[in-house]
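Notes for the one structure printed next.
There are 2 protein chains.
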Amino acid sequence: MSHLFGGIEAGGTKFVCVIGTDPDNILFEKRFPTTSPDETIQATIDFFNETKNEFGIEITSIGLGCFGPVDLNINSKKYGHITTTPKPGWGDTDIVSPIKNALKLPVIFDTDVNAAAIGEGKWGAGVNLENFVYFTIGTGIGAGAIINHQPVHGLIHPEMGHILLVKNPLDNYKGKCPYHANCFEGFASGPAIEERWGKPADSIHLSHPAWDMEADYIAQALCNIICTISPQKIILGGGVMQQFHLFQKIRQKTKDYLNGYIPAKIILENIDEYIVPPKLGNQAGMLGAIAMAQTIMKV
Amino acid sequence: MSHLFGGIEAGGTKFVCVIGTDPDNILFEKRFPTTSPDETIQATIDFFNETKNEFGIEITSIGLGCFGPVDLNINSKKYGHITTTPKPGWGDTDIVSPIKNALKLPVIFDTDVNAAAIGEGKWGAGVNLENFVYFTIGTGIGAGAIINHQPVHGLIHPEMGHILLVKNPLDNYKGKCPYHANCFEGFASGPAIEERWGKPADSIHLSHPAWDMEADYIAQALCNIICTISPQKIILGGGVMQQFHLFQKIRQKTKDYLNGYIPAKIILENIDEYIVPPKLGNQAGMLGAIAMAQTIMKV
Numbered sequence: 028m029s030h031l032f033g034g035i036e037a038g039g040t041k042f043v044c045v046i047g048t049d050p051d052n053i054l055f056e057k058r059f060p061t062t063s064p065d066e067t068i069q070a071t072i073d074f075f076n077e078t079k080n081e082f083g084i085e086i087t088s089i090g091l092g093c094f095g096p097v098d099l100n101i102n103s104k105k106y107g108h109i110t111t112t113p114k115p116g117w118g119d120t121d122i123v124s125p126i127k128n129a130l131k132l133p134v135i136f137d138t139d140v141n142a143a144a145i146g147e148g149k150w151g152a153g154v155n156l157e158n159f160v161y162f163t164i165g166t167g168i169g170a171g172a173i174i175n176h177q178p179v180h181g182l183i184h185p186e187m188g189h190i191l192l193v194k195n196p197l198d199n200y201k202g203k204c205p206y207h208a209n210c211f212e213g214f215a216s217g218p219a220i221e222e223r224w225g226k227p228a229d230s231i232h233l234s235h236p237a238w239d240m241e242a243d244y245i246a247q248a249l250c251n252i253i254c255t256i257s258p259q260k261i262i263l264g265g266g267v268m269q270q271f272h273l274f275q276k277i278r279q280k281t282k283d284y285l286n287g288y289i290p291a292k293i294i295l296e297n298i299d300e301y302i303v304p305p306k307l308g309n310q311a312g313m314l315g316a317i318a319m320a321q322t323i324m325k326v
Numbered sequence: 028m029s030h031l032f033g034g035i036e037a038g039g040t041k042f043v044c045v046i047g048t049d050p051d052n053i054l055f056e057k058r059f060p061t062t063s064p065d066e067t068i069q070a071t072i073d074f075f076n077e078t079k080n081e082f083g084i085e086i087t088s089i090g091l092g093c094f095g096p097v098d099l100n101i102n103s104k105k106y107g108h109i110t111t112t113p114k115p116g117w118g119d120t121d122i123v124s125p126i127k128n129a130l131k132l133p134v135i136f137d138t139d140v141n142a143a144a145i146g147e148g149k150w151g152a153g154v155n156l157e158n159f160v161y162f163t164i165g166t167g168i169g170a171g172a173i174i175n176h177q178p179v180h181g182l183i184h185p186e187m188g189h190i191l192l193v194k195n196p197l198d199n200y201k202g203k204c205p206y207h208a209n210c211f212e213g214f215a216s217g218p219a220i221e222e223r224w225g226k227p228a229d230s231i232h233l234s235h236p237a238w239d240m241e242a243d244y245i246a247q248a249l250c251n252i253i254c255t256i257s258p259q260k261i262i263l264g265g266g267v268m269q270q271f272h273l274f275q276k277i278r279q280k281t282k283d284y285l286n287g288y289i290p291a292k293i294i295l296e297n298i299d300e301y302i303v304p305p306k307l308g309n310q311a312g313m314l315g316a317i318a319m320a321q322t323i324m325k326v
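If you read the protein sequences in the order shown, they are chains A and B.
Residues in the first sequence are numbered from 28 upward in steps of one, following our numbering.
Residues in the second sequence are numbered from 28 upward in steps of one, following our numbering.
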């Protein structure tokens, strides 16, 4: 009998818990809102206990992709904690230990965006790539990076939503980030678009100047990411990127900013295959969590 | 008898060829100016042939850290070539094959800045770190990155000197980069400092506003690098960083730009140990080439 794995996509708005092996074999899936840590973590534990007790499902391990910032350093006392999040009640919350202790299973822990990148790397747009980046551009902006075939952690983990950008000359908006006057998330997240233009992104017409400005900020960020880590592909997901017309604008402006400097054919001649939407859509995170759980088999 | 290794630091201004095993055991070293490709590559070959014929020195392999852009993709027809460099005569030059064929030795090839990062990682400021970045800020600006314990290649290789920055409000200079109106190298390289202020960097007084502006550009870049790849340390080398007074300014401004967002003790409380000069000084590149040559022993 083949192994089954658990996946948890722990988001700031909702949690998704799944059991399965791959995109074509998800046996159970449950979604519930992110409320208090105690209640939400208990609902997570209950999902796995119920599938075990009621359906006899045994899983090998659990992958957990979590909103952050989180502590990924296994030598740290705070390993497995959500650290300095502004989300009320969730600062300094240990999320790994309660799940691991209640279910007596190994838990493989990473950021929500690294989980999505891992999912796209295993079954989506990043298959077989050594270096690529997965961005989510929505309520917040974050990115997971796979470099040398592994997710990037480093000192903390990437926080690409907070790189600094040049303010667009037509932009009078002060930015939404409480930390940075001119960062990517502050200029280009969904809430920034809504506050700047006085209406939600999904009600702004295709011909509105909002989209040229949005594409400008995203292209500046991609130009910097390309020069910094030389990804073989960039995957753009999240709510704002449901505006698919943005892709062509972003691709053109990214080429304009790079101005021919990076001598790569895929950028110069074939950028439609370089800056792409996720292949797993909004399932990248939960499937990535399953893929993370499966890494235990290599140990 | 222990193995000996060759190292080549192939710079745009000069080549350095060495034979040895580590910083305390360099048996031969030769420096010569970078002239035409034929002449310079021949001088490199001659160095290794002469040490062999005159002193009986047998080496196991050669590490080659090269100015670029270079093609690092071993599946590419242009692997081992310097590609689109503006340096006259050097565009599309195969540097690996002539050396490998003449000396009948394995050649391990990477960028000059990755070689320096590898050297610092083996014997210098990056020992035991999983993720760190080595910058050279001088005639040009480039960086080597070690992520997940390996140098980053990806699509091409990092070109961090060309990330886009916000123009300092006191800066009236148009920038030195022919590709980008507002990139790091265009604003902050040695030649940019000289052209902006009308005198070479090393003749500008400590109290001159040039240094606050320089530190501002470097700090913006470091802020973006920190948010993008979460390095555990940043090493700043190169001619401009011989102005050691810059370090304190850069550290303070980097903290100001991050504004407490990255919850890492080494940044918040101990940034003197986070943004540091190279421990190997100007030997990082040649020693890194030796370290690269030694990787052949693991195969």
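Ideal placement from N, C-alpha and C gives every residue a C-beta, glycine not left out.
Computed from a prediction, not measured in an experiment: that's the story for all the values here.
**Item:** Selected residue, minimal CA-CA separation from LYS201 of chain A, among A:GLU221, A:LEU132 and A:GLN69
**Value:** Mapped onto the first sequence, residue 201 of chain A falls at position 174. Scanning A:GLU221, A:LEU132 and A:GLN69 for the CA closest to the CA of LYS201 of chain A turns up A:GLU221.
**Request:** Under 8 Å Cβ to Cβ from PRO218 of chain B, same chain only, skipping five residues before and after it: list those, please.
**Result:** In the second sequence, counting from the first residue as 1, residue 218 of chain B sits at position 191. Take PRO218 of chain B, set aside five residues on each side of it, and the residues of its chain with a beta-carbon closer than 8 Å to its own are THR166 and LYS203, in chain order.
**Item:** Proximity below 8 Å, CB of GLU241 of chain B to CB of ALA208 of chain B
**Value:** By one-based count along the second sequence, residue 241 of chain B stands at place 214. By one-based count along the second sequence, residue 208 of chain B stands at place 181. Going by C-beta atoms, GLU241 of chain B is not nearer than 8 Å to ALA208 of chain B.
**Asked** If you draw a straight line from the alpha carbon of MET187 of chain A to that of GLU77 of chain A, how long is it in whole angstroms?
**Response** Numbered from its first residue, the first sequence carries residue 187 of chain A at position 160. Numbered from its first residue, the first sequence carries residue 77 of chain A at position 50. Distance between the alpha carbons of MET187 of chain A and GLU77 of chain A is about 38 Å.
**Message:** So for PHE59 of chain A, helix, strand or coil by DSSP?
**Reply:** Within the first sequence, residue 59 of chain A is the residue found at index 32, counting from 1. Taken through DSSP and simplified to helix, strand or coil, PHE59 of chain A comes out as strand.
**Request:** Output the residue ranges of the alpha helix (DSSP H) runs that lie fully inside the segment 252-299 of chain A and measure 4 residues or longer, sorted by chain position.
**Result:** Segments of the alpha helix (DSSP H) lying fully in the segment 252-299 of chain A: 273-285 and 292-295.
**Request:** Would you mind reading off the limits of the alpha helix (DSSP H) that contains THR67 of chain A?
**Result:** In the first sequence, residue 67 of chain A corresponds to position 40, counting from 1. Following the DSSP letters along the chain, one finds THR67 of chain A inside the alpha helix (DSSP H) bounded by residues 64-82.
**Asked** Hey, how far is the Cα of PRO185 of chain B from the Cα of GLY153 of chain A?
**Response** Taking the first residue of the second sequence as 1, we reach residue 185 of chain B at position 158. Taking the first residue of the first sequence as 1, we reach residue 153 of chain A at position 126. Straight across, the Cα-Cα distance linking PRO185 of chain B with GLY153 of chain A is about 19 Å.
**Request:** Using 10 angstroms around the beta-carbon of HIS108 of chain B, count the other beta-carbons present and answer buried if the total reaches 16, otherwise exposed.
**Result:** As a first step, residue 108 of chain B must be located in the second sequence, where it is residue number 81. That one is buried.
**Asked** Who are VAL97 of chain A's beta bridge partners in DSSP?
**Response** Translated into positions along the first sequence, residue 97 of chain A becomes position 70. The partner list for VAL97 of chain A (beta bridge, DSSP) reads A:ILE109.
**Message:** Relative to the C-alpha of ALA316 of chain A, which candidate in A:LYS41, A:GLY39, A:GLU85 and A:GLY47 has its C-alpha closest?
**Reply:** On the first sequence, residue 316 of chain A is found 289 positions in, with the first residue counted as 1. Closest by alpha carbon: A:GLY47.
**Asked** Going straight from the alpha carbon of VAL326 of chain A to that of LYS127 of chain A, what length do you get?
**Response** For the purposes of this step, residue 326 of chain A is taken as the residue at position 299 of the first sequence. For the purposes of this step, residue 127 of chain A is taken as the residue at position 100 of the first sequence. Bear in mind that a pLDDT of 39 at VAL326 of chain A, under 50, signals an unreliable position, so the number given afterwards is only what the model happens to contain. Looking at the two C-alpha atoms, the distance is approximately 18 Å.
**Prompt:** Between which two residues does the beta strand (DSSP E) harbouring ASP49 of chain A extend?
**Reply:** What you label residue 49 of chain A is simply residue 22 of the first sequence in a count that begins at 1. 41-49 is the span of the beta strand (DSSP E), which, as asked, contains ASP49 of chain A.
**Prompt:** So GLU36 of chain A is in the beta strand (DSSP E); what residue range does that whole segment cover?
**Reply:** Translated into the one-based positions of the first sequence, residue 36 of chain A becomes position 9. Here the beta strand (DSSP E) through GLU36 of chain A covers 32-37.
**Message:** Counting only Cβ-Cβ distances shorter than 7 Å, please list the residues of the segment 182-202 of chain B near chain A, keeping chain order.
**Reply:** Only those residues of the segment 182-202 of chain B whose C-beta falls short of 7 Å from the nearest C-beta of chain A are listed: LEU182, ILE183, HIS184, PRO185, GLU186, MET187, HIS189, ILE190, LEU191 and VAL193.
**Asked** So is SER103 of chain B in contact with chain E if we call contact Cβ pairs under 8 Å?
**Response** Looking for chain E here will not work: the only protein chains present are A and B.
**Message:** Taking its Cβ as the centre, do 16 or more other Cβ atoms sit within 10 Å of LYS280 of chain B, making it buried, or is it exposed?
**Reply:** To locate residue 280 of chain B, count along the second sequence from 1; it is residue 253. Buried, because 16 or more other Cβ atoms sit within 10 Å of the Cβ of LYS280 of chain B.
**Message:** Strictly by DSSP, which residues pair up with ASN175 of chain B?
**Reply:** Mapped onto the second sequence, residue 175 of chain B falls at position 148. Looking at the DSSP output, ASN175 of chain B shares a beta bridge with no other residue.
**Neighbour-count burial assignment, ILE89 of chain B, 16 or more Cβ in a 10 Å radius** = Residue 89 of chain B sits at position 62 when you count from the first residue of the second sequence. Counting C-beta atoms within 10 angstroms of its own C-beta, ILE89 of chain B has 16 or more neighbours from the protein chains shown and is therefore classed as buried.
**Asked** With a CB to CB cut of under 8 Å and the five nearest residues on each side skipped, what residues in its chain are close to THR110 of chain B?
**Response** For the purposes of this step, residue 110 of chain B is taken as residue 83 along the second sequence, with counting starting at 1. So the list reads GLY95, PRO96, VAL97, ASP98, GLY118 and ASP119, once near-sequence residues are dropped.
**Message:** Counting C-beta neighbours from all protein chains within 10 Å, is the total for GLN270 of chain A 16 or more, i.e. buried, or is it exposed?
**Reply:** Residue mapping note: residue 270 of chain A aligns to position 243 of the first sequence, counting from 1. Here GLN270 of chain A is buried. Its C-beta has 16 or more other C-beta atoms within 10 Å.
**Request:** Please go through the segment 169-231 of chain B and give each complete beta strand (DSSP E) segment of 3 or more residues, from N-terminal end onward.
**Result:** Under the rule that a run must span 3 or more residues, no beta strand (DSSP E) segment is found entirely inside the segment 169-231 of chain B.
**Request:** Kindly give me the distance between the Cβ atoms of GLY265 of chain B and GLU36 of chain B, rounded to whole angstroms, as I take these residues to be in contact under 8 Å.
**Result:** In the second sequence, counting from the first residue as 1, residue 265 of chain B sits at position 238. In the second sequence, counting from the first residue as 1, residue 36 of chain B sits at position 9. At roughly 14 Å, the Cβ-Cβ gap does not stay under 8 Å, so GLY265 of chain B and GLU36 of chain B are not in contact.
**Request:** Confirm, please, whether the CB-CB distance from TRP150 of chain B to LEU307 of chain B is below 8 Å.
**Result:** Numbered from 1 along the second sequence, position 280 holds the residue referred to as residue 307 of chain B. Numbered from 1 along the second sequence, position 123 holds the residue referred to as residue 150 of chain B. Cβ distance < 8 Å, so LEU307 of chain B and TRP150 of chain B count as in contact.
**Prompt:** Can you find a C-beta in chain B that's less than 8 Å from the C-beta of TYR106 of chain A?
**Reply:** Translated into positions along the first sequence, residue 106 of chain A becomes position 79. Closer than 8 Å: no.
**Message:** I need the DSSP call for LEU132 of chain A, collapsed to helix, strand or coil.
**Reply:** The residue given as residue 132 of chain A occupies position 105 in the first sequence. Here LEU132 of chain A sits in coil by DSSP.
**Request:** Give a yes or no on contact between the segment 248-260 of chain B and the segment 159-177 of chain B, applying the rule of three or more CB pairs nearer than 8 Å.
**Result:** Using a Cβ-Cβ distance cut-off of 8 Å, the segment 248-260 of chain B and the segment 159-177 of chain B are in contact, since at least three pairs of beta carbons, one from each stretch, lie closer than that value.
**Request:** May I ask you to report which of helix, strand or coil DSSP gives VAL140 of chain A?
**Result:** The residue given as residue 140 of chain A occupies position 113 in the first sequence. Per DSSP, reduced to three states, the secondary structure at VAL140 of chain A is helical.
**Message:** Give me the chain A residues within the contact set of GLN177 of chain B, using Cβ-Cβ distance strictly less than 8 Å, ordered along the chain.
**Reply:** As a working mapping, residue 177 of chain B is identified with position 150 in the second sequence. Correct list: ASN175.
**Item:** CB-CB length for ALA23 of chain B against GLY34 of chain B, believed under 8 Å
**Value:** Outside the modelled stretch of chain B, which goes from 28 to 326, sits residue 23 of chain B, for which no answer is possible.
**Asked** In terms of DSSP beta bridges, what is ASP121 of chain B paired with?
**Response** Here residue 121 of chain B is taken as the residue at index 94 of the second sequence, counted from 1. Bridge partners of ASP121 of chain B: B:HIS108.
**Prompt:** For the beta strand (DSSP E) that ILE164 of chain A lies in, which residues bound it at each end?
**Reply:** To locate residue 164 of chain A, count along the first sequence from 1; it is residue 137. Boundaries of the beta strand (DSSP E) harbouring ILE164 of chain A: 159-164, taken from the DSSP string.
**Rounded straight-line distance, which links the Cα of ILE86 of chain A to that of ILE135 of chain A** = Against the first sequence, residue 135 of chain A aligns to sequence position 108. Against the first sequence, residue 86 of chain A aligns to sequence position 59. Take the alpha-carbon of ILE135 of chain A and the one of ILE86 of chain A: they are about 13 Å apart.
**Message:** Going by DSSP in three states, ASN102 of chain A sits in which element: helix, strand or coil?
**Reply:** As a first step, residue 102 of chain A must be located in the first sequence, where it is residue number 75. ASN102 of chain A falls in the coil class under three-state DSSP.
**Prompt:** Given that a residue counts as buried once 16 or more other Cβ atoms are within 10 Å of its Cβ, and exposed if not, what is ARG58 of chain B?
**Reply:** On the second sequence, residue 58 of chain B is found 31 positions in, with the first residue counted as 1. Classification for ARG58 of chain B: exposed.
**Message:** Against chain B, with Cβ distances strictly below 8 Å, would THR120 of chain A count as a contact?
**Reply:** Taking the first residue of the first sequence as 1, we reach residue 120 of chain A at position 93. Not one chain B Cβ lies under 8 Å of THR120 of chain A.
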